[in-house]
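Colleague: The opening residue of the sequence shown carries number 4 in my numbering; numbering runs sequentially from there. All C-beta atoms, glycine included, are put in the ideal place defined by N, C-alpha and C.
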Amino acid sequence: MITLNNVTKTYTQDQTVFHAVDSVSLSVKSGEIYGIIGRSGAGKSTLLRMINLLEIPTSGSVIVDGMELTNLKGRKLRLARQSIGMIFQHFHLVTNKTVLANVLVSLELANYPKKDRKKRALEVLRFVGLEEHVSKYPGQLSGGQKQRVAIARALANKPKILLCDEPTSALDPNTTREILGVLKNINERLGVTIVIVSHEMDVIKSICSRVTVMDKGKVYETIEVAPQGIVD
Ligand code: ADP
Ligand code: ADP
Numbered sequence: 004m005i006t007l008n009n010v011t012k013t014y015t016q017d018q019t020v021f022h023a024v025d026s027v028s029l030s031v032k033s034g035e036i037y038g039i040i041g042r043s044g045a046g047k048s049t050l051l052r053m054i055n056l057l058e059i060p061t062s063g064s065v066i067v068d069g070m071e072l073t074n075l076k077g078r079k080l081r082l083a084r085q086s087i088g089m090i091f092q093h094f095h096l097v098t099n100k101t102v103l104a105n106v107l108v109s110l111e112l113a114n115y116p117k118k119d120r121k122k123r124a125l126e127v128l129r130f131v132g133l134e135e136h137v138s139k140y141p142g143q144l145s146g147g148q149k150q151r152v153a154i155a156r157a158l159a160n161k162p163k164i165l166l167c168d169e170p171t172s173a174l175d176p177n178t179t180r181e182i183l184g185v186l187k188n189i190n191e192r193l194g195v196t197i198v199i200v201s202h203e204m205d206v207i208k209s210i211c212s213r214v215t216v217m218d219k220g221k222v223y224e225t226i227e228v229a230p231q232g233i234v235d
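1) Quick check on L7: buried or exposed, where buried means 16 or more other Cβ atoms within 10 Å of its Cβ?
2) Which stretch, first to last residue, makes up the beta strand (DSSP E) that contains F130?
3) Following a CB-centred definition, is K47 positioned closer than 7 Å to any heavy atom of ligand 1?
4) Can you list, in chain order, the residues of its chain whose CB lies under 7 Å from that of I154, leaving out five sequence neighbours each side?
5) On the premise that I199 lies in contact with I36, defined as a C-beta separation below 8 Å, what is that separation, rounded to the nearest angstrom?
6) The beta strand (DSSP E) spanning R213 covers which residue range?
7) Excluding five sequence neighbours on each side, which residues of the same chain lie with their C-beta closer than 6 Å to the C-beta of R84?
8) Alpha carbon to alpha carbon, how far is K219 from K12?
9) Within its chain, find whatever has a CB closer than 6 Å to the CB of G63; leave out the 5 residues flanking it on each side and keep chain order.
10) Tell me the start and end of each unbroken beta strand (DSSP E) in the stretch 16-45 that is at least 3 residues and wholly inside, in chain order.
11) Compute the minimum distance between the beta carbon of Y14 and the heavy atoms of ligand 1, and state whether it is under 7 Å.
12) State the start and end residues of the unbroken beta strand (DSSP E) segment that holds I210.
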């Protein structure tokens, strides 16, 4: 579903070239929950953002669902990106829009048929358990509820892939378990392939089947894990 071949991202500062991600190759299978772990600064977030070309690789290729994204531009790239949803540590919601309007924005941007937008938005909001909160503003929600809105927004366009950048790092342990449960549900019931970046091994171990350990921009190792389930 996702193949990265020798993907590198460099930043140049004061004529010094710094490798944020250094020749990383990996592949994520369809239907998998895949983890990327490593300490802060290891290059995890940069790597994740290259999967949907939010960051353009300096070199290497990114192949998603059979398409080489690194070759696409303009409208074709925008279309390919619609099959990839993304969520973040700090949710990135539009604070002056309601929960429903936040989800509608993503459907508008994707040119989802106008007459079906509201129905689709309410459907995904129900899926993440927010049907009673659709008219609230983000400031009226708990952290876990905010992340559910972000998940609904990411799922609205029926992506095949969901990228999660530290999805539980701003949440307390109980809410973390809840959100991991939502992600597991999305994977099992909707068949969405999930990639999770985290610095917490407990998070990764609870739902991922494989994990790549990154250090200083490189893959240190990739290991199979038997998901332990979401335990107390
Ligand atoms: P992680 O997600 O593992 O914490 P990041 O991918 O965010 O790591 O960052 C990897 C390295 O790349 C860090 O040292 C970071 O400072 C550097 N970096 C990330 N983005 C930029 C940028 N836009 N300009 C310069 N350096 C960057
Ligand atoms: P959690 O610790 O689970 O993230 P919070 O303590 O933040 O939960 O919130 C608990 C409940 O209070 C939630 O159901 C949320 O809807 C409500 N709530 C949180 N912040 C506000 C707010 N600013 N205005 C109204 N209700 C809020």
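Modeller: So, from the listed chains and residues:
1) Indexing the sequence shown from 1 puts residue 7 at position 4. Buried is the call here.
2) As a working note, residue 130 is residue 127 in the sequence shown. Here F130 belongs to no beta strand (DSSP E); instead the alpha helix (DSSP H) covers R120 to F130.
3) Numbered from 1 along the sequence shown, position 44 holds the residue referred to as residue 47. Flag set: Cβ of K47 near ligand 1.
4) Sequence index remark: in the sequence shown, residue 154 carries index 151 (1-based). Only I90, V131 and V185 meet the Cβ criterion.
5) For the purposes of this step, residue 36 is taken as the residue at position 33 of the sequence shown. For the purposes of this step, residue 199 is taken as the residue at position 196 of the sequence shown. 7 Å between Cβ atoms; contact.
6) Working through the sequence shown from its first residue, we reach residue 213 at position 210. It spans R213 to D218 - the beta strand (DSSP E) in which R213 sits, taken as one unbroken run.
7) Within the sequence shown, residue 84 is the residue found at index 81, counting from 1. Within the same chain, R84 has close Cβ partners N55.
8) In the sequence shown, counting from the first residue as 1, residue 219 sits at position 216. In the sequence shown, counting from the first residue as 1, residue 12 sits at position 9. Between K219 and K12, the C-alpha separation is close to 12 Å.
9) As a working note, residue 63 is residue 60 in the sequence shown. Closer than 6 Å at the Cβ level, and outside the excluded window around G63, lie N8, N9, V10 and T11.
10) 19-31 and 36-40
11) Translated into positions along the sequence shown, residue 14 becomes position 11. For ligand 1, at least one heavy atom lies less than 7 Å from the Cβ of Y14.
12) Taking the sequence shown and counting its residues from 1, the one referred to as residue 210 is at position 207. Note, I210: premise wrong, no beta strand (DSSP E); alpha helix (DSSP H) at M204 to I210.
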